[in-house]
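Taking it in order: structure first as C-alpha coordinates, then the write-up.
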Amino acid sequence: MDNRSEPEPDLCVVPGVPRDYANSHPTQALLVIEVSDSTLEYDRTAKAAAYARNGIPEYWILNVRGRVLEVLTRPGPHGYAFKTVFPEQGRIRSDVFPTLTIAVAELLP
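The sequence shown lines up with residues 4 to 112 when you count with our numbering.
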(Lines of atoms letter the chains of each structure in order from A; the text may use other names.)
(Lines give C-alpha, C1' and ligand atoms only; values in the text may rest on other atoms or scores of the structure.)
Protein backbone atom coordinates (compact mmCIF):
# COMPACT_ATOMS: atom_id res chain seq x y z
CA MET A 4 0.00 0.00 0.00
CA ASP A 5 1.02 3.61 -0.27
CA ASN A 6 2.26 5.91 2.49
CA ARG A 7 -1.24 7.33 3.02
CA SER A 8 -2.70 4.13 4.47
CA GLU A 9 -1.99 0.63 5.61
CA PRO A 10 -5.33 -1.12 6.08
CA GLU A 11 -5.28 -4.62 7.48
CA PRO A 12 -7.67 -6.81 5.45
CA ASP A 13 -9.26 -9.93 6.88
CA LEU A 14 -8.09 -11.93 3.87
CA CYS A 15 -5.72 -11.10 1.06
CA VAL A 16 -4.98 -13.27 -1.97
CA VAL A 17 -1.54 -12.55 -3.39
CA PRO A 18 0.29 -13.93 -6.43
CA GLY A 19 3.02 -16.52 -6.14
CA VAL A 20 3.82 -19.20 -3.60
CA PRO A 21 4.63 -18.93 0.13
CA ARG A 22 8.40 -19.07 -0.38
CA ASP A 23 8.16 -15.91 -2.51
CA TYR A 24 7.47 -14.09 0.75
CA ALA A 25 10.01 -15.77 3.03
CA ASN A 26 11.99 -12.54 3.38
CA SER A 27 9.41 -9.84 2.73
CA HIS A 28 5.71 -9.07 2.74
CA PRO A 29 3.73 -9.09 -0.52
CA THR A 30 3.68 -5.79 -2.39
CA GLN A 31 0.55 -6.50 -4.41
CA ALA A 32 -2.75 -8.31 -4.00
CA LEU A 33 -5.18 -9.83 -6.47
CA LEU A 34 -8.17 -9.91 -4.13
CA VAL A 35 -8.85 -8.35 -0.73
CA ILE A 36 -11.74 -9.45 1.49
CA GLU A 37 -13.14 -7.65 4.52
CA VAL A 38 -15.62 -9.36 6.83
CA SER A 39 -17.66 -6.38 7.89
CA ASP A 40 -20.05 -5.91 10.76
CA SER A 41 -19.43 -2.81 12.87
CA THR A 42 -16.92 -1.33 10.37
CA LEU A 43 -19.13 -1.45 7.27
CA GLU A 44 -19.09 2.29 6.52
CA TYR A 45 -15.31 2.49 6.96
CA ASP A 46 -14.80 -0.57 4.75
CA ARG A 47 -17.01 0.95 2.03
CA THR A 48 -15.29 4.33 2.09
CA ALA A 49 -11.75 4.67 3.46
CA LYS A 50 -10.61 1.11 2.82
CA ALA A 51 -12.25 0.91 -0.60
CA ALA A 52 -10.57 4.18 -1.62
CA ALA A 53 -7.16 2.94 -0.44
CA TYR A 54 -7.49 -0.43 -2.18
CA ALA A 55 -8.68 1.19 -5.43
CA ARG A 56 -5.96 3.84 -5.33
CA ASN A 57 -3.39 1.04 -5.02
CA GLY A 58 -4.82 -0.96 -7.93
CA ILE A 59 -6.27 -3.94 -6.06
CA PRO A 60 -8.32 -5.48 -8.92
CA GLU A 61 -11.10 -6.89 -6.78
CA TYR A 62 -12.37 -6.00 -3.30
CA TRP A 63 -15.04 -8.02 -1.50
CA ILE A 64 -16.98 -6.76 1.51
CA LEU A 65 -18.77 -9.57 3.28
CA ASN A 66 -21.62 -7.59 4.82
CA VAL A 67 -22.55 -9.75 7.80
CA ARG A 68 -25.54 -7.69 8.98
CA GLY A 69 -27.01 -7.36 5.49
CA ARG A 70 -26.20 -11.01 4.67
CA VAL A 71 -24.77 -10.04 1.27
CA LEU A 72 -21.43 -9.92 -0.51
CA GLU A 73 -20.50 -6.56 -2.03
CA VAL A 74 -17.99 -6.91 -4.86
CA LEU A 75 -16.06 -3.87 -6.09
CA THR A 76 -14.10 -4.06 -9.34
CA ARG A 77 -12.25 -1.87 -11.86
CA PRO A 78 -10.12 0.25 -9.52
CA GLY A 79 -9.09 3.79 -10.36
CA PRO A 80 -7.68 6.86 -8.64
CA HIS A 81 -11.16 7.90 -7.45
CA GLY A 82 -12.48 4.51 -6.32
CA TYR A 83 -13.94 1.41 -7.89
CA ALA A 84 -15.97 1.80 -11.07
CA PHE A 85 -18.35 -1.12 -10.41
CA LYS A 86 -20.15 -2.51 -7.39
CA THR A 87 -22.26 -5.66 -7.52
CA VAL A 88 -24.21 -6.98 -4.56
CA PHE A 89 -24.77 -10.72 -4.28
CA PRO A 90 -27.52 -12.01 -1.94
CA GLU A 91 -26.95 -14.80 0.55
CA GLN A 92 -28.53 -17.26 -1.92
CA GLY A 93 -26.30 -16.06 -4.77
CA ARG A 94 -23.07 -17.35 -6.24
CA ILE A 95 -20.03 -15.26 -7.07
CA ARG A 96 -17.60 -15.80 -9.92
CA SER A 97 -14.52 -13.69 -9.45
CA ASP A 98 -13.12 -11.60 -12.31
CA VAL A 99 -9.64 -12.37 -10.97
CA PHE A 100 -10.28 -16.12 -10.69
CA PRO A 101 -12.89 -16.83 -13.40
CA THR A 102 -12.90 -20.60 -12.88
CA LEU A 103 -13.78 -20.20 -9.19
CA THR A 104 -17.45 -20.03 -8.19
CA ILE A 105 -18.45 -19.64 -4.52
CA ALA A 106 -21.85 -19.68 -2.84
CA VAL A 107 -22.24 -16.49 -0.78
CA ALA A 108 -23.90 -18.50 2.01
CA GLU A 109 -20.67 -20.49 2.42
CA LEU A 110 -18.78 -17.26 3.18
CA LEU A 111 -21.21 -15.89 5.77
CA PRO A 112 -20.83 -16.81 9.45
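Heads up, the beta-carbon is just placed ideally off N, CA and C, and yes, glycines get one too.
A quick note: this is a predicted structure, and the numbers were derived from the prediction, not measured.
Just tell me which of the options has its CA closest to the CA of residue i.
i           : options             : result
residue 73  : 23, 111, 19 and 57  : 111
residue 11  : 25, 27, 45 and 60   : 45
residue 100 : 52, 51, 62 and 28   : 62
residue 18  : 52, 68 and 59       : 59
residue 49  : 94, 34 and 81       : 81
residue 94  : 83, 106, 102 and 21 : 106
residue 13  : 30, 42 and 27       : 42
residue 92  : 29, 22, 51 and 69   : 69
residue 109 : 84, 55, 24 and 71   : 71
residue 36  : 26, 27, 21 and 64   : 64
residue 47  : 27, 86 and 96       : 86
Based on the DSSP output, what are the partners of residue i in its beta bridges?
i           : result
residue 89  : 72
residue 121 : In the structure displayed, the chain extends from 4 to 112; residue 121 sits before or after that span and is not available.
residue 24  : Paired residues: none, contrary to the question.
residue 106 : 94
residue 83  : 78
How is the alpha helix (DSSP H) around residue i delimited, first residue to last?
i          : result
residue 56 : 51 to 56
Using 10 angstroms around the beta-carbon of residue i, count the other beta-carbons present and answer buried if the total reaches 16, otherwise exposed.
i           : result
residue 89  : buried
residue 75  : buried
residue 78  : buried
residue 32  : buried
residue 83  : buried
residue 103 : exposed
residue 24  : exposed
Report back the beta-carbon spacing between residue i and residue j to the nearest angstrom; my notes put them in contact at under 8 Å.
i          : j          : result
residue 39 : residue 66 : 6 Å
residue 34 : residue 20 : Not a contact, Cβ separation roughly 16 Å.
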